[in-house]
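Residue numbers (our numbering): 9 to 183.
Glycine is no exception: its CB is placed at the ideal position from the N, C-alpha and C atoms.
Below is one structure; the comments refer to it alone.
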């Protein structure tokens, strides 16, 4: 009996370890070799990228936007060799002192598998390494409960402000 309990604990622990290993994601810059793959990622359940998706605009628009606003940075979210998501972040043109996460998406095929949380952890490490960022802002639609749960789990708090129908949240990195 003791052997079965011990074996079960080991198997459960091994399963947890394997799940964490599977969730290793990397943030990669958008380049000539991967931009098209990233443009095909979508939150639409039918798999067809559109200009204006439910909560974000198309990745192609965000990539183009980053070319006109050179302080913005794009990253593809990869697990192994597979692109699973995208983000756009940097100082907002209207207020260079504020650092914003402007777009964050996980492709519909990879939702609910832990990629969003793992990628967000990688994003925070990258931002913290800059040493010049003390606060990150983001906007989200109040009905987007999944995004709200993710962001608040990392410490984002609602500022009480709204912009373009989105609630503005912030994370103080100095806490």
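With three or more CB-CB distances shorter than 8 Å, the stretch 62–75 counts as touching the stretch 32–51.
At a cut-off of 3 residues, the continuous stretches assigned as beta strand (DSSP E) that sit fully inside the stretch 24–72 are 34–37. Comparing alpha carbon positions, the residue from 34, 84 and 126 closest to residue 50 is 84. Around the beta carbon of residue 111, 16 or more other beta carbons lie within 10 angstroms, which makes this residue buried. Within the DSSP secondary-structure output, residue 160 pairs in no beta bridge. The beta carbon of residue 156 lies closer than 7 Å to those of 148 in the same chain, with the five residues before and after it left out.
For residue 124, no beta strand (DSSP E) encloses it; the enclosing alpha helix (DSSP H) starts and ends at 123–137. In the displayed model, residue 77 falls within coil according to three-state DSSP, outside both helix and strand.
In the DSSP secondary-structure assignment, residue 114 is bridged to 93. When C-beta atoms of the stretch 120–128 are compared with those of the stretch 58–65, fewer than three pairs fall below 8 Å, so the two segments do not count as touching.
Residue pairing by DSSP places residue 83 opposite 37 and 95 in a beta bridge.
For residue 108, the closest C-alpha among the options 35, 180, 168 and 33 is that of 180. The Cβ-Cβ distance between residue 100 and residue 92 does not fall below 9 Å. If you look at residue 178, you'll find it in the beta strand (DSSP E) that goes 174–180. Residue 39 has its alpha-carbon roughly 33 Å from the corresponding atom of residue 151.
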